[in-house]
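Heads up, the thing below is written out as structure tokens.
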Amino acid sequence: MRRELRQYAIFALGFFVVLEAMLAIAIRWWPSFAENVGSLKNLSRPIPMLTEMIDLIEARGVGAYVAAQHFFKGCNTLGVAAAVLFAYSAIAGEAHRGTMEQWLARPVSRTRLLTERYLLGFAACALPILLTSATAPFLLARVEIEGVAQTMELSDLMRGAVHESLFLGTIYSLTFLLSAVGSEPLKIAFIMMFASIFEFAIYMVETITHYSVFRLADIETFDQINVSDALSMRAILGFVVFSIVCYLVALRAFARRVP
Amino acid sequence: MPDTVSPPAAELAHIQVAGLTRRFGPKVALHPIDLEIGSGITGLLGPNGSGKSTLMRILVGLVRPDAGTATVAGVRLAGDGTAVRKKVAYMPGEMHLYGELTGAQHLDWLLRGRGRQARRRAREGAEALELPLDRKVRGYSHGMKRQLCFAAAMAPDVPVRILDEPTDGLDPSRRSKFLEQLTRDAASGVSILLSSHHFGEVDRACDRLIFMSEGELVADETASSVADRARRVAHLSWSCDIDREAVERALVSHGVQLLHSGDKEVSLLLESPDPRPFLSRLAAAPEIDAPQTIEYGRISLQEFYRDLYGVEGC
Numbered sequence: 157m158r159r160e161l162r163q164y165a166i167f168a169l170g171f172f173v174v175l176e177a178m179l180a181i182a183i184r185w186w187p188s189f190a191e192n193v194g195s196l197k198n199l200s201r202p203i204p205m206l207t208e209m210i211d212l213i214e215a216r217g218v219g220a221y222v223a224a225q226h227f228f229k230g231c232n233t234l235g236v237a238a239a240v241l242f243a244y245s246a247i248a249g250e251a252h253r254g255t256m257e258q259w260l261a262r263p264v265s266r267t268r269l270l271t272e273r274y275l276l277g278f279a280a281c282a283l284p285i286l287l288t289s290a291t292a293p294f295l296l297a298r299v300e301i302e303g304v305a306q307t308m309e310l311s312d313l314m315r316g317a318v319h320e321s322l323f324l325g326t327i328y329s330l331t332f333l334l335s336a337v338g339s340e341p342l343k344i345a346f347i348m349m350f351a352s353i354f355e356f357a358i359y360m361v362e363t364i365t366h367y368s369v370f371r372l373a374d375i376e377t378f379d380q381i382n383v384s385d386a387l388s389m390r391a392i393l394g395f396v397v398f399s400i401v402c403y404l405v406a407l408r409a410f411a412r413r414v415p
Numbered sequence: 129m130p131d132t133v134s135p136p137a138a139e140l141a142h143i144q145v146a147g148l149t150r151r152f153g154p155k156v157a158l159h160p161i162d163l164e165i166g167s168g169i170t171g172l173l174g175p176n177g178s179g180k181s182t183l184m185r186i187l188v189g190l191v192r193p194d195a196g197t198a199t200v201a202g203v204r205l206a207g208d209g210t211a212v213r214k215k216v217a218y219m220p221g222e223m224h225l226y227g228e229l230t231g232a233q234h235l236d237w238l239l240r241g242r243g244r245q246a247r248r249r250a251r252e253g254a255e256a257l258e259l260p261l262d263r264k265v266r267g268y269s270h271g272m273k274r275q276l277c278f279a280a281a282m283a284p285d286v287p288v289r290i291l292d293e294p295t296d297g298l299d300p301s302r303r304s305k306f307l308e309q310l311t312r313d314a315a316s317g318v319s320i321l322l323s324s325h326h327f328g329e330v331d332r333a334c335d336r337l338i339f340m341s342e343g344e345l346v347a348d349e350t351a352s353s354v355a356d357r358a359r360r361v362a363h364l365s366w367s368c369d370i371d372r373e374a375v376e377r378a379l380v381s382h383g384v385q386l387l388h389s390g391d392k393e394v395s396l397l398l399e400s401p402d403p404r405p406f407l408s409r410l411a412a413a414p415e416i417d418a419p420q421t422i423e424y425g426r427i428s429l430q431e432f433y434r435d436l437y438g439v440e441g442c
């Protein structure tokens with residue numbers, strides 16, 4: 157347990173540091189973005205999806221900007237990579253390394269071993285998102301536009317962070333399931349990364365954007381959360397149910413797995 | 129099955145197996161097996177792929193049987209076998225460890241769920257084997273890794289230890305140390321099931337020998353009965369091809385059994401350790417050429433089982 161805890165803590169720390177750096181740079185760039193939003197819109201004309209995002213930022217201000225930079229860009233790109241990284245070798249890595257027999261030979265139930273890994277990875281994925289989101293108001297307080305300090309409600313940010321964490325949790329859970337049934341971690345990582353990049357790519361194509369899972373965690377989604385001051389329970393329930401199903405299937409497969 | 133050990137009384141059996149079966153796809157890894165093992169050291173012998181490791185893995189709950197039941201240390205094997213593993217220390221045959229952990233960290237990891245006393249004993253055991261516990265395991269040789277796992281397997285205070293080829297890859301002096309430690313452990317009442325394909329070592333340490341081939345138990349004997357039978361085996365070899373039928377006609381009678389015959393050799397199980405009656409009959413058989421060599425009384429276990437069951441590669 158201690159070994160796993162240390163390993164996931166290092167991964168989570170790395171994820172947090174990079175995510176925080178990306179957020180800090182994005183917030184520091186906000187005044188410049190706001191000042192040049194017209195030019196940016198012109199530049200984004202060839203990609204209508206991007207233009208829509210900039211339109212929304214122009215209309216809603218800093219809240220939409222942070223949602224776009226932090227949740228949509230930072231968490232959805234880096235977060236997907238982190239979710240896959242935390243899960244792809246969780247079980248398959250033991251089989252690939254040949255350590256699975258030793259791992260399972262101790263007097264600890266398989267349910268416990270699997271659940272520990274699942275929750276540690278899930279926490280390593282979600283905690284950096286929640287923590288970095290919590291720092292956004294402090295970073296914004298250091299940024300002014302025409303002498304006015306920029307602000308955002310912490311509760312809005314935390315709602316977005318919960319939504320994003322659970323969204324990434326589904327990608328993590330699916331990767332974890334593949335890891336629980338597979339023995340080739342690199343193949344699992346490639347499949348998931350390829351699928352994620354493909355999904356992100358089709359998000360940017362206006363005619364097929366609605367087929368992308370990233371519609372579930374895009375700037376419009378976070379804008380809706382901010383406007384309604386509430387999480388989308390339908391989306392949250394979907395994420396949670398999907399993750400639980402993945403976990404239960406993984407548990408069932410793992411219980412019968414031959415080391 | 130010759131000289132089969134009479135099963136110990138059920139209450140003394142530390143391991144009881146009934147109708148245990150396991151398939152991997154089309155391959156039958158274990159045919160239905162019935163077995164009772166009491167205290168002392170029991171050697172599970174057989175060539176690679178004979179089903180030894182599968183049987184051991186089933187006994188510690190790592191592999192689920194397709195059919196049959198097993199009770200280990202009074203605990204019926206069920207579910208993922210956690211309850212059994214609390215009463216059993218297991219050392220897998222395949223040695224893959226986490227290179228980034230030190231030897232000491234690895235002992236703690238291996239002994240998760242065993243308690244502080246076991247971890248202390250494991251460290252003491254590893255130090256007695258002169259293992260550098262503060263060094264990362266990636267710097268360990270194969271033998272050192274095996275010794276580390278052996279130290280972990282010997283540390284828990286449990287009634288049963290199941291060790292899959294614990295001496296594989298060790299030098300003879302280390303093997304002797306391991307076997308001495310196992311003998312001491314068994315003397316304290318622990319039941320040890322030990323697999324090996326190194327016949328020379330197990331026949332010295334084991335009280336009982338179970339031989340497996342192609343997923344089946346083909347022999348189950350006390351070490352003394354094996355030694356007694358091995359003393360009665362005679363190997364005869366000739367420099368040119370022999371008439372096997374003539375040899376069999378002349379020699380295989382009066383309690384002498386043919387174990388194995390080749391173009392230039394035969395192996396026979398004599399009626400008693402005294403070879404003189406047999407030698408007299410051999411000398412009195414004019415249809416048989418004088419053999420080039422006659423060996424008896426010093427047959428290795430490996431040769432013995434090869435002669436008995438025709439299994440090579442042990």
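First to last, the protein sequences are chains A and B.
Start counting the first sequence at 157; every next residue gets the next number (our numbering).
Start counting the second sequence at 129; every next residue gets the next number (our numbering).
We put the CB at the ideal spot given by N, CA and C, even for glycine.
In this text, all values refer to a predicted model and were calculated from it rather than measured experimentally.
Worksheet item: So A/Val299 and A/Ala409 are in contact, right, with Cβ under 8 Å, and what is the actual spacing, rounded?
Response: Within the first sequence, numbered from 1, the residue matching residue 299 of chain A stands at position 143. Within the first sequence, numbered from 1, the residue matching residue 409 of chain A stands at position 253. The Cβ separation is near 49 Å, so there is no contact.
Checklist line | C-beta contact flag for B/Met223 and B/Ile290 at 7 Å | finding: Within the second sequence, residue 223 of chain B is the residue found at index 95, counting from 1. Within the second sequence, residue 290 of chain B is the residue found at index 162, counting from 1. No. Outside cutoff.
Item to check | Interface partners of A/Glu340 on chain B, CB under 8 Å | outcome: As a first step, residue 340 of chain A is located in the first sequence; it is residue number 184 there, counting from the start. Correct list: empty, because the minimum Cβ distance to chain B is about 16 Å.
- B/Glu222 versus chain A: which residues are under 8 Å apart at the beta carbon? By 1-based counting over the second sequence, the position of residue 222 of chain B is 94. Correct list: Gly254, Glu257.
Within the chosen definition, does the stretch 388-396 of chain B reach the stretch 354-362 of chain B through at least 3 CB pairs nearer than 8 Å?
yes
*Compare the beta carbon distance of B/Ala374 and B/Ile169 with 7 Å and say whether it is the shorter of the two.*
Looking up residue 374 of chain B in the second sequence gives position 246. Looking up residue 169 of chain B in the second sequence gives position 41. Against a cut-off of 7 Å, the Cβ pair of B/Ile169 and B/Ala374 comes out as no contact.
- Item | Residues bridged to B/Ser395 (per DSSP) | Here residue 395 of chain B corresponds to residue number 267 of the second sequence, with the count starting at 1. B/Ser395 pairs with B/His363, B/His388.
Consult DSSP for B/Met219 and reduce its assignment to one of helix, strand or coil. To locate residue 219 of chain B, count along the second sequence from 1; it is residue 91. B/Met219: strand per DSSP, three-state reduction.
> How should B/Val216 be labelled, buried or exposed, when 16 other C-beta atoms within 10 angstroms of its C-beta is the threshold for buried?
Replying inline: Taking the first residue of the second sequence as 1, we reach residue 216 of chain B at position 88. It is buried - the Cβ of B/Val216 has at least 16 other Cβ atoms within 10 Å.
Q) Is the stretch 221-238 of chain B touching the stretch 299-310 of chain B in the sense that three or more CB pairs, one from each, lie closer than 8 Å? A) no
Is the beta carbon of A/Arg262 closer than 7 Å to that of B/Gly241?
Within the second sequence, numbered from 1, the residue matching residue 241 of chain B stands at position 113. Within the first sequence, numbered from 1, the residue matching residue 262 of chain A stands at position 106. Contact: yes.
- Message: So that I know if they touch, is there some Cβ in chain A lying closer than 7 Å to that of B/Trp366?
- Response: The residue given as residue 366 of chain B occupies position 238 in the second sequence. By this cut-off, B/Trp366 is not an interface position.
Checklist entry - Below 8 Å, can you find three or more Cβ-Cβ pairs linking the stretch 280-290 of chain B to the stretch 257-264 of chain B? => result no
**Message:** I'd like to know whether the C-beta of B/Lys443 is nearer than 7 Å to at least one C-beta of chain A.
**Reply:** Here chain B comprises residues numbered 129 to 442, so residue 443 of chain B is not present and cannot be evaluated.
Worksheet item: A/Ala224 and A/Ile375 look like a contact to me (Cβ under 8 Å); what is the Cβ gap, rounded to whole Å?
Response: For the purposes of this step, residue 224 of chain A is taken as the residue at position 68 of the first sequence. For the purposes of this step, residue 375 of chain A is taken as the residue at position 219 of the first sequence. Confirmed, Cβ separation roughly 5 Å.
(message) Taking 7 Å as the threshold (C-beta atoms), are B/Gly343 and B/Gly207 in contact?
(response) If you number the second sequence from 1, residue 207 of chain B lands on position 79. If you number the second sequence from 1, residue 343 of chain B lands on position 215. For B/Gly207 and B/Gly343, no; Cβs fall outside 7 Å.
Taking contact to mean at least 3 C-beta pairs separated by less than 8 Å, is the stretch 193-203 of chain B in contact with the stretch 148-167 of chain B? yes
- Message: If we define contact as Cβ-Cβ less than 7 Å, is A/Arg273 a contact residue for chain B?
- Response: Start at 1 with the first residue of the first sequence, and residue 273 of chain A comes out as number 117. Taking Cβ atoms only, chain B never reaches closer than 7 Å to A/Arg273, which makes this a no.
- Please determine, among B/Arg434, B/Trp366, B/Arg377, the residue with the shortest C-alpha to C-alpha distance to B/Asp417. Position 289 of the second sequence, counting from 1, holds the residue named residue 417 of chain B. Answer by Cα proximity: B/Trp366.
Which residues of the stretch 197-211 of chain B have a Cβ closer than 7 Å to any Cβ of chain A? Give them in chain order. Asp208, Thr210
How should A/Ala251 be labelled, buried or exposed, when 16 other C-beta atoms within 10 angstroms of its C-beta is the threshold for buried? For the purposes of this step, residue 251 of chain A is taken as residue 95 along the first sequence, with counting starting at 1. A/Ala251 is buried by the Cβ-count criterion.
Of the residues that make up the stretch 237-250 of chain B, which ones have a beta carbon closer than 9 Å to any beta carbon in chain A? Trp237, Leu238, Leu239, Arg240, Gly241, Arg242
Check: How long is the line joining the alpha carbons of B/Ile422 and B/Leu379, rounded to whole angstroms?
Finding: Sequence index remark: in the second sequence, residue 422 of chain B carries index 294 (1-based). Sequence index remark: in the second sequence, residue 379 of chain B carries index 251 (1-based). When rounded, the distance between both Cα atoms is 14 Å.
Taking B/Thr149 as the reference, which of B/Gly317, B/Gly171, B/Ile186, B/Leu238 has the closest Cα?
For this step, residue 149 of chain B is matched to residue 21 along the second sequence. Out of B/Gly317, B/Gly171, B/Ile186, B/Leu238, B/Ile186 has the C-alpha closest to the C-alpha of B/Thr149.
Which word fits A/Trp186, buried or exposed, when buried means at least 16 other C-beta atoms lie within 10 angstroms of its C-beta? The residue you call residue 186 of chain A lines up with position 30 of the first sequence. A/Trp186 comes out buried.
task: Decide if B/Ser316 is buried, meaning its Cβ has at least 16 other Cβ atoms within 10 Å, or exposed.
output: Within the second sequence, numbered from 1, the residue matching residue 316 of chain B stands at position 188. It is exposed - the Cβ of B/Ser316 has fewer than 16 other Cβ atoms within 10 Å.
**Request:** Return the residues of the stretch 173-191 of chain B that lie within a Cβ-Cβ distance of less than 7 Å from chain A, sorted by chain order.
**Result:** Val188, Leu190, Val191
(message) Is there a Cβ of chain B sitting closer than 7 Å to that of A/Val264, yes or no?
(response) As a first step, residue 264 of chain A is located in the first sequence; it is residue number 108 there, counting from the start. Judged by the 7 Å Cβ criterion, A/Val264 is in contact with chain B.
Problem - Simplified DSSP assignment, three categories, for B/Tyr226 - result: Counting from one through the second sequence, the residue named residue 226 of chain B turns up at place 98. Note: B/Tyr226 maps to coil in three-state DSSP.
Exercise. Taking just the CA atoms, how far does A/Leu324 sit from B/Gly297?
Worked result: As a first step, residue 297 of chain B is located in the second sequence; it is residue number 169 there, counting from the start. As a first step, residue 324 of chain A is located in the first sequence; it is residue number 168 there, counting from the start. Roughly 46 Å separates the two Cα atoms.
**Prompt:** Going straight from the alpha carbon of A/Ala180 to that of A/Ala220, what length do you get?
**Reply:** In the first sequence, the residue the question calls residue 180 of chain A occupies position 24. In the first sequence, the residue the question calls residue 220 of chain A occupies position 64. For A/Ala180 and A/Ala220, the distance between alpha carbons rounds to 16 Å.
Check whether the Cβ atoms of A/Arg266 and A/Ala406 sit closer than 7 Å, and answer yes or no.
The sequence position of residue 266 of chain A within the first sequence is 110, counting from 1. The sequence position of residue 406 of chain A within the first sequence is 250, counting from 1. No, they are not a contact pair.
Looking at the C-beta of A/Val414, does it have a partner C-beta in chain B at a distance below 7 Å?
-> Taking the first residue of the first sequence as position 1, residue 414 of chain A is located at position 258. A/Val414 counts as touching chain B.
Taking its Cβ as the centre, do 16 or more other Cβ atoms sit within 10 Å of B/Asn176, making it buried, or is it exposed? The residue given as residue 176 of chain B occupies position 48 in the second sequence. Exposed, by the Cβ-count rule.
Could you check whether B/Asp299 and B/Ser323 sit closer than 7 Å to each other, using their CB atoms as the reference points?
On the second sequence, residue 323 of chain B is found 195 positions in, with the first residue counted as 1. On the second sequence, residue 299 of chain B is found 171 positions in, with the first residue counted as 1. Cβ atoms of B/Ser323 and B/Asp299: not closer than 7 Å.
So, helix, strand or coil for B/Val447, using DSSP? An answer regarding residue 447 of chain B cannot be provided, because it is not within the stretch 129 to 442 covered by chain B.
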